[in-house]
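In our numbering, the protein residues as written are 421 to 580.
C-beta: ideal position from N, C-alpha, C; glycine also.
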Ligand code: CUA
């Protein structure tokens with residue numbers, strides 16, 4: 421009889437632990453979600469990306485003497501700008517890229533730099549990099565995004 425009672429107790433204890441674990445995991449991810457919304461990453465409705473003030477007609481904007489903001493739309497299967505026309509930046513400049521997608525998940529990677537980010541529809545990925553030397557950098561998509569994923573590439577030119 422005693423053993424039976426202990427067994428029951430352990431069973432209850434195990435159940436409580438399992439529920440507590442699940443609670444921790446759920447709470448953990450909810451907390452993370454809130455943190456992500458709260459940080460400086462922006463988000464827009466993917467359906468509104470093409471009508472967005474910045475992403476509807478994306479490109480390079482000079483915001484300071486040597487500072488630039490570059491808005492890029494990553495979409496099946498091109499970077500706009502970048503694919504049909506290169507992104508042009510003068511040397512010795514600090515560039516903040518803002519990239520989003522209107523359709524599926526892509527990535528935005530500037531070959532030879534530490535710019536390499538996943539691009540989630542409607543989420544604006546932002547990152548800053550300095551270009552000190554003139555040169556050409558390839559843009560590639562590292563996330564499989566469909567039949568022409570391997571052709572999704574572009575060019576960034578740092579001019580003297
Ligand atoms: Cu876009 Cu792969």
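Taking the Cα positions, residue 499 is about 7 Å away from residue 572. In this structure, residue 563 has its beta carbon less than 7 Å from a heavy atom of the ligand CUA.
Straight through space, the alpha carbons of residue 484 and residue 515 are spaced by roughly 10 Å.
Taking 7 Å as the cut-off, the C-beta of residue 545 does not count as close to any heavy atom of the ligand CUA. Here the alpha carbons of residue 476 and residue 533 stand approximately 26 Å from one another.
Partner residues in the beta bridge of residue 536, as assigned by DSSP, are 529. When the beta-carbon positions are compared, residue 502 and residue 566 stay at least 8 Å from each other.
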